[in-house]
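Single-structure report; data block below.
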C-alpha cells in the first residue's frame with residue numbers, strides 16, 4: 194500500500210498539486226498523454242524549477258491562452274471575482290461530458306467527476322442556485338478541468354492507494370472591507386475540515402484545490418517510510434514558502 198501526504202506549507206492550488214506530483218517523479222509524458230485525451234489542444238505544460246524562500250520546487254507552467262493570469266488558477270486572488278466573465282460558459286453537465294468522452298480510465302473518470310461535482314455544488318451554494326442549471330466560472334475553465342484530471346491521473350501513475358492532507362492554512366484579507374477570505378466556495382468545501390491560521394494576506398487555498406483534497410483525501414498526517422518527496426510552487430511570494438510538499442511512501 195502506498196500513501197501520499199499533502200503538506201500545505203504555503204497553501205494549495207490545483208496547479209501546485211500538479212507540480213508537486215511532477216516534482217515527486219510523475220512521468221510528464223504519460224501525464225500529458227492522459228490530459229490530451231481530456232482537452233486535446235489549446236494549452237501547454239512547461240514545468241520549471243523555482244526557489245521559494247530557500248525551498249527548491251517545481252512550478253507547473255500550465256498555460257491556457259485566454260485564461261492565463263486567471264485569479265483562481267494562479268493562486269492567492271479571490272476566486273469569486275468576475276463570475277460573469279465570458280469564459281464562464283460551461284455547465285456541470287458539459288464538464289462531466291468532457292470527462293466521460295476522454296481517454297481516462299474508469300477510476301480516473303469517477304474520481305474527477307466526483308471532484309467537479311463537489312466544486313460545482315460549492316459554487317452553486319455560494320450563488321444560491323442549483324448546480325445542475327448554472328454556468329460556472331471556476332469549474333468551467335480549462336485549467337481547472339486539467340488540474341483536477343491531473344491529480345486523478347497522478348494517483349494511478351504513481352500507484353497511490355490513499356491520499357492524506359494537512360490542516361488547510363487560512364490567510365487573512367489584505368485590508369478591512371475587502372473580499373472575504375476564504376472565498377465563499379472554498380469556505381463551503383472546507384466546512385468540518387481542520388484548518389490553521391497563517392499571518393499572510395491573501396487566499397492560500399483555491400476552490401479547485403479545496404475540492405480536490407476534500408473529495409479525494411482524508412485529514413491527518415500518516416506515519417510513513419517515505420520513498421519520494423516533491424514540492425509544488427505557487428506563483429506568488431510570501432513571508433512563508435509558497436509551496437505544497439508531497440510525501441509518498443508506505444505506512445509504518
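Residue numbers (the numbering used here): 194 to 445.
The C-beta atom is built at its ideal place from N, Cα and C for all residues, glycine as well.
Sub-9 Å separation of residue i and residue j beta-carbons
i, j, result
"residue 425", "residue 197", "no"
"residue 383", "residue 410", "no"
"residue 210", "residue 340", "yes"
"residue 202", "residue 434", "yes"
"residue 317", "residue 307", "no"
"residue 387", "residue 360", "yes"
"residue 319", "residue 378", "yes"
"residue 417", "residue 396", "no"
"residue 240", "residue 259", "no"
"residue 495", "residue 444", "Here the chain covers residues 194 to 445 and nothing more, so residue 495 does not appear."
"residue 238", "residue 251", "no"
Proximity winner among the options, relative to residue i (alpha-carbon distances)
i, options, result
"residue 427", "195, 200, 199 and 208", "208"
"residue 304", "289, 317 and 314", "289"
"residue 234", "240, 225, 242 and 241", "225"
"residue 204", "244, 358 and 441", "358"
"residue 349", "441, 240 and 252", "441"
"residue 311", "421, 406 and 444", "406"
"residue 231", "400, 251 and 343", "343"
Residue i - DSSP class collapsed to helix/strand/coil
i, result
"residue 479", "Nothing in the structure corresponds to residue 479, since the chain is present only between 194 and 445."
"residue 395", "coil"
"residue 294", "coil"
"residue 347", "helix"
"residue 430", "coil"
"residue 239", "coil"
"residue 333", "coil"
"residue 311", "helix"
"residue 402", "helix"
"residue 271", "With a pLDDT of 34 at residue 271, under the threshold of 50, the predicted position of this residue should be treated as unreliable, and no value is reported."
"residue 353", "coil"
"residue 410", "strand"
"residue 234", "coil"
"residue 225", "helix"
"residue 283", "strand"
"residue 219", "coil"
"residue 425", "strand"
"residue 253", "coil"
Per DSSP, the bridge partner or partners of residue i
i, result
"residue 200", "438"
"residue 248", "245"
"residue 361", "388"
"residue 417", "444"
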